[in-house]
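Enquirer:
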Amino acid sequence: MSVISTSASLAPSRPLESGPVLVFRNVSISFDGPPVLEDISFSVGPHETRILLGPAGVGKSVLLKLSNGLDCPDAGSIELFGENIANLPETKLFPLRTRTGMVFQEGALFDSLTVRDNVAYQLIQERVPDTEIDQRVREALRFVGLEETFDLFPDALSGGMRRRVAIARALIRRPELLLYDSPTGGLDPVTSTNIIELIVKQRDVYRTPSVLVTHRLQDAFTMCSHRFDTAHDGMVPLAEHETDPNTTFLMLNEGRLIFDGSLHDLVHSQDSFVREFLE
Amino acid sequence: MAFETIDRTAKQTLLTVQEYSLFAHRAVINLFSPPIYWVDFLLQAEIIGVGSIAIVLLAGFFTGAVLAVQSAATLAAFGATAVTGRFVSLSMIRELGPVLTGIMVSGRNASSMASELGSMVVTEQIDAMRALGVDPMRKLVTPRLVATVTMLFFLTIISDFFGILGGAGVTIFMNGQNGTQYFSQAYESLHARDVMQGLIKPLFSGFIIATIGCFYGLRTSGGTQGVGRSTIQAVVSASVLIIFVDLLVSQVMIALLNR
C-alpha cells in the first residue's frame with residue numbers, strides 16, 4: 001500500500017518547451033588540484049529523467065551543483081532554461097534557481113525551523129498569505145506521506161522522513177527541473193523504495209524533468225523498470241523487457257563522462273569500467 | 280623552504296583580507312536595495328542585544344569597581360582621592376566601556392555567528408538556501424551586521440553607566456568617601472567630546488564582530504572540526520581587531536577633537 005497521494009498543484013508551474021531544459025557543453029571544474037570534472041557534455045530534455053551513476057567521490061554532486069549555479073565551472077557553458085549560467089552573477093541566478101527544485105544528500109533541512117516552515121521556505125520569502133501556505137504545505141506533505149509532521153522540527157524525524165520532507169520542499173513551488181543528490185544514500189531498503197516511488201511518481205504523473213545522482217544500481221534499475229500507477233496509487237513493474245523510454249543514464253569515472261545512453265545500451269556496454277561497475 | 284612558507288602565508292593572508300573586504304562591502308551595500316529582512320534584524324537584535332545585557336552589565340560594574348579600588352590607592356599618595364569619580368567616568372566612557380563591551384560581545388556573539396553559520400555550511404543548509412533562491416548574505420549576514428552595530432551602541436551606554444555605579448559602590452562603601460563628590464566629579468569632568476569618542480567606538484566594534492563572525496562562519500570547511508576552527512578564528516580575530524581599531528579611532532578622535 002502506497003503512503004503517497006497525488007496533487008495537481010505539484011506539477012511544473014510553466015508548460016515545458018520542446019528544447020532541453022539543461023545543457024552542459026565541455027564543462028570542466030577543479031578545486032585547487034587536478035580537475036574534478038573534465039569536458040562534460042550532455043543535455044536533459046523536457047520530461048526526461050537522467051540518472052547519473054558513478055563511484056563515490058567521482059564528482060557527481062559537483063555536477064549537480066553546477067546544474068543550478070551553486071558552483072561555477074572553470075571552462076565550458078551550462079544552459080539552464082535556455083540561459084547560459086556559467087558566468088552569471090549570483091544575483092541573476094536566484095530567479096533561475098527558484099524554477100528548479102533540489103534535494104540534498106542529507107536533506108539539508110533548516111534545523112531551527114519546523115517542517116511547515118522548511119517546506120514553505122520559498123513561499124514565506126515571497127510573502128504568500130499564511131492560509132495559502134498552510135494549504136500548499138499540507139498538499140506537498142500529503143504527496144510525500146508525511147502530513148502528520150507539519151509542526152515537528154527536523155531533529156524529530158528519521159533519515160528517510162527528512163529526505164521526504166526535502167522532496168516536499170523541492171516540489172512546493174512546482175519546479176521545472178528537479179535535481180536529486182543521492183536521495184536514498186544511507187537509507188534502509190524499504191525507505192529507499194519509498195523515496196524511489198516518490199521520484200517515479202513525480203516523473204510519471206507530473207513529468208517534471210530531473211537529474212538523479214546515485215551510486216546504487218538497484219535504485220536506477222527500479223526507476224527504469226517501474227511506472228507509477230495512479231489507479232493503485234503506487235509503483236508497479238513494467239512488462240518484461242520493457243523500460244521507461246524517458247529514463248536514461250550517464251556515468252562518470254575519473255572526472256569524465258564515460259557513458260550516455262539507455263538502460264539497454266548500459267547493460268550491453270563493452271567499456272571495462274561500466275562492466276566492472278555493473279558487476 | 281622557509282621562504283616558500285613565508286611567501287605562501289603572505290599570499291594567503293592577503294587573499295583573506297581581500298575576501299573579507301569584498302564580503303564586508305557586500306554586507307553593507309545590501310542595505311540599499313531590497314529585499315531587506317527586517318524580521319531577521321529584530322530577531323538578531325533580541326539575541327545579540329537583550330541576550331548580552333547581563334554579561335555587559337556585570338563586566339561594566341566590576342570594571343568600574345576595580346578601577347576605583349586601584350586608583351584610590353594611587354591617588355591617595357598624591358592626596359587626590361577626591362578625583363576618583365573623574366578618573367572612573369573618563370576611563371569607562373572613553374575607553375574601557377566601549378572596548379570591554381566589544382570584547383565581551385565578541386566572545387559571546389562572534390563565536391555564536393561563526394558556529395551557527397559554520398554548522399549551516401557543513402550541513403549544506405547554506406547551499407539549500409541558495410538553491411531555494413534566497414541570498415544568504417542578505418538573509419543571514421546583513422541583519423546580523425545591522426543588529427550588532429545598533430545593539431552594541433546601547434550596550435556600551437549600559438556598560439558605562441554600570442561602570443560608574445560600580446566605582447561609586449567602592450568609593451562610598453569601601454573607601455568611605457563622599458558620594459556626592461564622586462558623582463559631581465564624574466559628571467563635571469565629562470565633555471560632549473568624551474562621550475562622542477566613547478560612542479563612536481562601538482559602531483566600529485559592532486561592524487567588526489558581525490562581519491568577522493559571519494565571514495569565518497560562511498567560509499567553514501572540514502566538518503565539525505572546521506566549525507570549531509572557524510569559531511576560534513572569529514573570536515581571536517574580532518578581539519584583536521577591536522583593540523587595534525580602538526587604538527586607531529582614539530588617535531584620530533584625539534587629533535580631531537583635540538581631547
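Note that the protein sequences, when read in sequence, are chains P and U.
Residue 47 in the working numbering sits at position 47 of the first sequence, and the numbers go up by one each step.
Residue 433 in the working numbering sits at position 154 of the second sequence, and the numbers go up by one each step.
C-beta atoms are modelled at their ideal positions from N, C-alpha and C, and glycine is treated no differently.
For clarity, every value in this text was computed on a predicted model and none was experimentally measured.
1) By Cβ distance below 6 Å, which residues in the same chain neighbour V103(P) in space, the five residues on each side in sequence not counted?
2) Report back the beta-carbon spacing between V62(P) and V23(P) to the nearest angstrom; my notes put them in contact at under 8 Å.
3) Quick one: which unbroken alpha helix (DSSP H) runs of 4-plus residues sit fully inside the segment 315-380 of chain U? Chain order, please.
4) Would DSSP call L187(P) helix, strand or coil?
5) Taking a cut of 8 Å between CB atoms, which residues from the segment 103-120 of chain P lie near chain U?
6) Among the candidates D204(P), L250(P), F273(P), G234(P), whose CA atom is the shortest distance from the CA of D244(P)?
7) Got a sec? Which residues, its chain only, sit under 6 Å from I451(U) by beta carbon, not counting five neighbours each side?
8) Looking at C-alpha atoms only, which residue of L152(P), T91(P), S112(P), R173(P) is the closest neighbour of E139(P)?
9) What are the start and end residues of the alpha helix (DSSP H) that includes N118(P)?
10) Can A393(U) and Y299(U) be called in contact, C-beta distance under 8 Å?
11) Can you tell me where the beta strand (DSSP E) holding V27(P) begins and where it ends?
12) Return yes when the Cβ of I491(U) is within less than 8 Å of the Cβ of A517(U), no when it is not.
13) Of all the options F432(U), Y461(U), I511(U), A447(U), which has the alpha carbon lying nearest to the alpha carbon of V474(U)?
14) Measuring only the C-alpha atoms, how far is E279(P) from G59(P)?
15) Does any CB atom of chain P fall closer than 8 Å to the CB of V400(U)?
16) I want to verify the contact list: residues of chain U whose CB lies under 8 Å from the CB of T98(P), in sequence order.
17) Listing by chain order, which chain P residues have their CB less than 9 Å from the CB of D406(U)?
18) Of all the options I327(U), S398(U), F282(U), A306(U), which has the alpha carbon lying nearest to the alpha carbon of S542(U)?
19) What first and last residue would you give for the beta strand (DSSP E) that runs through L301(U)?
20) My guess is that G501(U) and D439(U) are in contact by the Cβ rule of under 8 Å, so how many angstroms apart are they, rounded?
21) If you run the structure through DSSP and keep just helix, strand and coil, what is G59(P)?
22) Using the Cβ count rule (16 or more neighbours within 10 Å means buried), how would you classify G57(P)?
23) How would you label M235(P), buried or exposed, when you count the other beta carbons within 10 angstroms and need 16 or more for buried?
24) Taking the alpha carbon of P422(U) as the reference point, which residue from V367(U), I533(U), V307(U) has its own alpha carbon closest?
25) Look up G234(P) in the DSSP assignment and say whether it is helix, strand or coil.
26) Give the DSSP-derived three-state secondary structure of H226(P) in the structure shown.
27) To be precise: take each residue of the segment 118-139 of chain P, compare its Cβ to all Cβ atoms of chain U, and keep it if any distance is under 8 Å. Which residues remain?
28) Using a Cβ-Cβ cut-off of 8 Å (strictly less than) and excluding sequence neighbours within five positions of L482(U), which residues of its own chain qualify?
29) Identify the residues that DSSP records as bridge partners of I443(U): which are they?
30) Beta strand (DSSP E) containing S43(P): first to last residue?
31) Cutting at 7 Å between CB atoms, please list the residues of its own chain near E467(U), excluding the five before and the five after it.
32) Jot down the residue ranges of each uninterrupted alpha helix (DSSP H) in the segment 66-148 of chain P, minimum 4 residues, whole runs only, in chain order.
33) Report, in whole angstroms, the separation of the C-beta atoms of L497(U) and L434(U), which I expect to be a contact under 8 Å.
34) Alpha carbon to alpha carbon, what distance is there between R417(U) and L469(U)?
35) Helix, strand or coil for G477(U)? Go by DSSP, reduced to three states.
36) By the criterion of Cβ-Cβ separation under 8 Å, what are the contact partners of T403(U) in chain P?
Expert: Taking the coordinates as given:
1) The residues A166, I167, A170, Y180, P183, in chain order, have a CB closer than 6 Å to that of V103(P) in the same chain once the five nearest residues on each side in sequence are set aside.
2) Beta-carbon to beta-carbon, V62(P) and V23(P) are separated by about 17 Å, too far to satisfy the 8 Å threshold.
3) Runs of the alpha helix (DSSP H) spanning 4 or more residues and lying entirely within the segment 315-380 of chain U occur at 317-324, 330-356, 363-370, in chain order.
4) The answer is coil: DSSP assigns L187(P) none of H, G, I, E or B.
5) Within the segment 103-120 of chain P, the residues whose Cβ lies closer than 8 Å to some Cβ of chain U are F104, Q105, E106, A108, L109, F110, D111, listed in chain order.
6) Selected option, being the one with the closest Cα: D204(P).
7) Around I451(U): G458.
8) Selected option, being the one with the closest Cα: R173(P).
9) Its alpha helix (DSSP H) spans residues 115-119.
10) No, they are not a contact pair.
11) Its beta strand (DSSP E) spans residues 22-30.
12) Contact flag set, yes.
13) Minimum Cα distance to V474(U) is reached at F432(U).
14) When rounded, the distance between both Cα atoms is 21 Å.
15) Any Cβ of chain P closer than 8 Å to the Cβ of V400(U) would place that residue at the interface, and such an atom is absent.
16) Residues of chain U passing the Cβ test: L411, G412.
17) Simply K65, L70, M102, F104, A108.
18) Residue 542(U) lies beyond the range of chain U shown here (280 to 538); nothing can be said about it.
19) Segment 281-308 is the alpha helix (DSSP H) holding L301(U); no beta strand (DSSP E) there.
20) 41 Å between Cβ atoms; not a contact.
21) Reduced to three states, the DSSP call for G59(P) is coil.
22) Counting of Cβ neighbours within 10 angstroms places G57(P) among the exposed residues, the total staying below 16.
23) Buried, since its Cβ has 16 or more Cβ neighbours within 10 Å.
24) Ranked by Cα distance from P422(U), the first of V367(U), I533(U), V307(U) is V307(U).
25) Strand.
26) Here DSSP, grouped into helix, strand and coil, assigns H226(P) to strand.
27) Answer set for the segment 118-139 of chain P: Y121, Q122, Q125.
28) Shown here for L482(U): same chain residues with a beta carbon closer than 8 Å to its own, the five before and five after excluded, namely V428, L431, F432 in chain order.
29) Within the DSSP bridge table, the entry for I443(U) names no partner.
30) S43(P): member of the beta strand (DSSP E) spanning 35-44, first to last residue.
31) None.
32) Listed in chain order, they are 90-97, 115-119, 121-125, 130-143.
33) The beta-carbon distance between L497(U) and L434(U), rounded to whole angstroms, is 25 Å. This is too long to meet the 8 Å contact definition.
34) Near 40 Å, if we compare the C-alpha coordinates of R417(U) and L469(U).
35) Judged by DSSP in its simplified three-state form, G477(U) adopts helix.
36) Here residue 403(U) is Glu; the residue named in the question, Thr, does not match the sequence. Simply F104, Q105, E106, A108.
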